[in-house]
Each structure stands twice: as C-alpha cells, then as structure tokens.
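One structure is given below, encoded as structure tokens.
Protein chains in written order, with my numbering: chain E, 927 to 1038; chain F, 7 to 118.
Shown next as structure tokens:
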C-alpha cells in the first residue's frame, strides 16, 4: 500500500544544532506540506511544495527550510534549533483540490 | 481570506450521548469541507468530507452537512463511544487551492 513515512518519530536535540526531519511518500503526489502542531494553535503550515524544485513559505516558516529534489521526499530542516521549535511536526500530501490530505504519523521534536 | 472556526474544547460527554461539534467557515467560491480525527499519538486521518453545498458526509456513525446558507459544517453523532475520544479538526479547501485551512481542533472526551 502507498504510504507516507516520517522519521525519526522522536528526537531530542540541543539549541543551536541543525536538525533535519524526513518525509517520504510513495503515492507520487506532487503536493506536499509540513505542519507543526502545538497546544492552543492547531495545525500551522510551515512550508509546502507543489512539485520538484518548487518550495513555498507557509505562515510560520522562519527558522525552517525545505528542498524538493524528487517527488517522493520533502525534508524539513531547522537551521539552528530553538526551544520555541519544540513541537510535533506532521508531513502531508494531497493529490487534488477537492481530495483529502494524507498525513504521516508525526515527529515529536524536543529542543533542550 | 478563508478561515475556519470551530468550537473550543474540551468537550466531555458520557457514553451514548449525542455529539455536536460546531464548525463555521468563511470562504469565497465553492470550497470543499473536511473533518479529520486525531487519536492520541497518531497523525490526522480523514473522517468525512463534502465537496458541494447540501452534501452530507458520513463515516463511522458521524455525519456533517455542508450548509452554504449558514456557512457551517457541524459534526454530529447520535451515540458516542469511549473509543471516539480524540481531537477533531474541521478544515476547508478553496476550489482552486491545494492548501487546507484548519480549525483549532476540538478535544472530545467520552466517559464510560
């Protein structure tokens, strides 16, 4: 079955370190999204991509970057981790405008 | 711009009670509407959707009707179970946009 996989599921890192969270999908969907989920804020969009070599900033993109070198992967990089980036991160794909989005299981990141 | 407002939680009910979680939206054009559910420690999964006015989405005993006149998409279930305890998200997608606009989420707690 096609799926979307995030890794790692849990990570603890130190302030100032660079961290990369992986997202891999096997549906061949062009549209991929990264969200963070925090209590009281719901889901907030960090970055998104509509295809290879396309990346766009979401509402909370400061301190994060993404790259899209192929259809399957959209890694999320925290350039210099900060305690404010402690959160649960979700990757999602979506094939069309009136279809559902498919989510990964999430990565719980703690910055100490 | 587009937005989604859903009732704040947590909502606490006894088993077999009737459930309503309110969701209203602001959007131009003809958006698609979604309800997602997130069980503890998991990613989000689609519960139901409606893509045009007066459509009723249904799944697992849950229902929601797309009401354009009241710009609402309220989630209902006639008899909740302990296993329905989760966080529920209402979401909207514009008719020409791949992004989803999310409500803040409503935590539902069902007591036996």
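Heads up, the beta-carbon is just placed ideally off N, CA and C, and yes, glycines get one too.
Check: Integer-rounded CB distance, given that residue 31 of chain F should sit under 8 Å from residue 9 of chain F; Outcome: 7 Å
Check: Min CB distance residue 969 of chain E to chain F below 9 Å; Outcome: yes
Check: Distance, residue 49 of chain F Cα to residue 6 of chain F Cα; Outcome: The displayed coordinates of chain F run from 7 to 118. Any statement about residue 6 of chain F would go beyond what the structure contains.
Check: Close-in-space but distant-in-sequence residues of the same chain around residue 62 of chain F (CB under 8 Å, 5 per side omitted); Outcome: 56, 69, 70, 71 and 72
Check: Any chain F beta carbon closer than 9 Å to residue 1011 of chain E; Outcome: no
Check: Near-chain E residues of the stretch 50-76 of chain F - C-beta to any C-beta below 8 Å; Outcome: 50, 51, 52, 55 and 57
Check: Counterpart residues of residue 976 of chain E in DSSP-defined beta bridges; Outcome: None, per the DSSP bridge assignment.
Check: Under 9 Å between C-beta atoms of residue 1005 of chain E and residue 932 of chain E; Outcome: no
Check: Proximity winner among E:972, E:957 and E:934, relative to residue 1024 of chain E (alpha-carbon distances); Outcome: E:957
Check: Span of the beta strand (DSSP E) around residue 68 of chain F; Outcome: 68-71
Check: Inter-residue spacing [alpha-carbon to alpha-carbon] between residue 999 of chain E and residue 23 of chain F; Outcome: 43 Å
Check: Distance between residue 940 of chain E and residue 934 of chain E (C-alpha atoms, nearest Å); Outcome: 16 Å
Check: Where residue 88 of chain F sits in the DSSP three-state scheme; Outcome: helix
Check: Endpoints, the beta strand (DSSP E) within which residue 1004 of chain E is located; Outcome: 1002-1004
Check: Interface partners of residue 110 of chain F on chain E, CB under 8 Å; Outcome: 966, 967 and 968
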